[in-house]
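Take a look at the structure set out below.
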Amino acid sequence: MHDLFTDNAAQIVAAGFFVGVIVGVTGMGGGALMTPALIFLGVGHTSAIVTADLTAAAVYKTGGALVHSKHGSPNFHLAGWLIAGSVPMAFLGPHLVSWVVDEGDVEDLLKMCIGFALLVAASTYAIRLYIQLVRVRTGHLAADDNPTIRPIPTMLVGALGGLLVGITSVGSGSVIMVVLLILYPTLSALKLVGTDLVQAVPLVLAAAISNIMVNGLDWGITLPLILGSVPGTLIGARFAAKVPQSVIRRGIVIVLTMSGVALLDKAGWAPLGAGEDDTHPVLIGVIGLVMLVVVPVVWGFLRKRQGLPMFGAPTVAELEGSKKG
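First residue of the sequence shown: 606, per this note's numbering; consecutive thereafter.
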């Protein structure tokens with residue numbers, strides 16, 4: 606029993622609950638927030654954390670998907686094509702790493718892959734928001750929650766996302782959903798959250814099974830993670846349609862960027878070069894502060910390129926709201 610409930614159990618439960626609420630509300634940020642949080646808490650090896658996170662995600666995303674299914678929000682046709690691409694690649698990912706990477710290098714490689722995946726997750730959200738601004742500005746934003754499905758691009762999105770999730774646990778609720786927002790811009794935010802949660806269940810299940818086969822399963826991390834994340838996701842999903850998501854998502858982008866740089870630093874990525882499992886906390890803090898100041902200014906210049914004032918309508922919250930339905 607002591608092996609199942611370690612001294613870190615309370616921290617893991619709290620982290621699981623907090624991230625679970627965010628996943629339920631926004632449909633993004635599960636592995637992208639959970640995995641780095643557990644790495645920085647120091648609860649286990651990176652490979653064990655990735656496996657535990659994927660195993661817990663298979664449980665809490667199932668709960669979130671069930672709640673969204675009752676509200677009729679998923680597009681099951683779209684989810685089916687995503688699953689066709691994502692599941693095989695999610696299963697392949699961990700085996701691919703074990704085949705081509707020396708065992709002693711796996712930990713640093715995983716941290717580096719996760720770090721880059723977090724930066725990709727942050728950047729795709731920013732790109733999606735800019736595309737949304739262009740569509741609102743040009744008036745090309747007709748609502749259609751049942752668009753014509755594009756099988757090949759959708760399967761490719763699933764395949765790339767599946768490989769990313771299988772290796773890093775990041776992407777099932779951040780990268781994939783943001784790319785879907787670009788590929789199917791007329792879908793409402795609620796519809797996309799529901800669809801992403803439905804496709805994420807078999808995706809993370811395949812990734813979890815493959816990682817368990819390669820790395821084994823640490824129940825001391827997994828069980829507390831499930832105990833915290835399942836109720837968090839259920840609570841978040843019930844309030845998804847009522848909670849203004851723009852502020853949360855902007856906060857997630859800053860956290861993802863800081864976490865991504867911190868993990869690259871921790872892995873000893875050459876341009877940062879800390880090595881020895883060290884980080885530069887001042888550097889990470891400065892990056893967060895710079896984003897708080899610089900990102901709104903950059904956003905203002907992007908607005909000017911569309912013939913809009915640097916600040917004002919449509920605001921980020923209005924852009925997010927324009928996809929709600």
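For glycine and all other residues, C-beta sits at the position ideal for the given N, C-alpha and C.
Taking residue i and residue j to be in contact with their CB atoms under 8 Å, please state how far apart those CB atoms are, rounded to whole angstroms.
i	j	result
residue 697	residue 706	The pair is not a contact, with the Cβ atoms about 14 Å apart (cut-off 8 Å).
residue 905	residue 915	3 Å
residue 660	residue 827	5 Å
residue 856	residue 812	Actually they are not in contact, since the Cβ atoms of residue 856 and residue 812 sit about 26 Å apart, beyond 8 Å.
residue 618	residue 829	5 Å
residue 837	residue 636	Actually they do not touch by this definition, with Cβ atoms about 14 Å apart.
residue 834	residue 624	7 Å
residue 862	residue 892	7 Å
residue 858	residue 731	7 Å
residue 644	residue 868	7 Å
By DSSP, does residue i sit in helix, in strand, or in coil?
i	result
residue 763	helix
residue 735	helix
residue 616	helix
residue 751	coil
residue 804	helix
residue 706	coil
residue 822	coil
residue 929	With a pLDDT of only 45 at residue 929, under 50, the local geometry of the prediction cannot be trusted, and no value is derived from it.
residue 686	helix
residue 789	coil
residue 678	coil
residue 774	coil
residue 698	helix
residue 725	helix
residue 836	helix
residue 874	coil
residue 622	helix
residue 847	coil
residue 919	coil
residue 913	coil
residue 630	helix
residue 893	helix
residue 653	helix
residue 720	helix
Quick check: what's the CA-CA separation for residue i versus residue j?
i	j	result
residue 701	residue 773	12 Å
residue 722	residue 735	20 Å
residue 843	residue 786	22 Å
residue 819	residue 679	32 Å
residue 815	residue 809	10 Å
residue 766	residue 784	10 Å
residue 822	residue 912	54 Å
residue 860	residue 742	29 Å
residue 764	residue 695	8 Å
residue 740	residue 733	11 Å
residue 927	residue 839	With a pLDDT of only 49 at residue 927, under the threshold of 50, the placement of this residue in the model should not be trusted; the figure read from the coordinates follows. So the two alpha carbons sit approximately 25 Å from each other.
residue 776	residue 690	14 Å
residue 929	residue 708	Interpretation of residue 929 is limited by its pLDDT of 45, a score under 50 that renders its predicted location unreliable; the figure taken from the coordinates is listed afterwards. Rounded to whole angstroms, residue 929 to residue 708 spans 46 Å at the Cα level.
residue 712	residue 798	32 Å
residue 831	residue 761	30 Å
residue 938	residue 638	Since the displayed the chain opens at 606 and closes at 930, residue 938 lies outside it and no answer follows.
residue 725	residue 780	7 Å
residue 648	residue 758	38 Å
residue 751	residue 687	15 Å
residue 653	residue 899	36 Å
residue 738	residue 825	45 Å
residue 717	residue 890	19 Å
residue 720	residue 866	6 Å
residue 841	residue 662	14 Å
residue 901	residue 917	12 Å
residue 909	residue 729	21 Å
residue 806	residue 800	10 Å
Just checking residue i against the ligand SAM - is the residue's beta carbon closer than 7 Å to any of the ligand's heavy atoms?
i	result
residue 789	The model on display carries no ligand, and the ligand SAM is accordingly not part of it.
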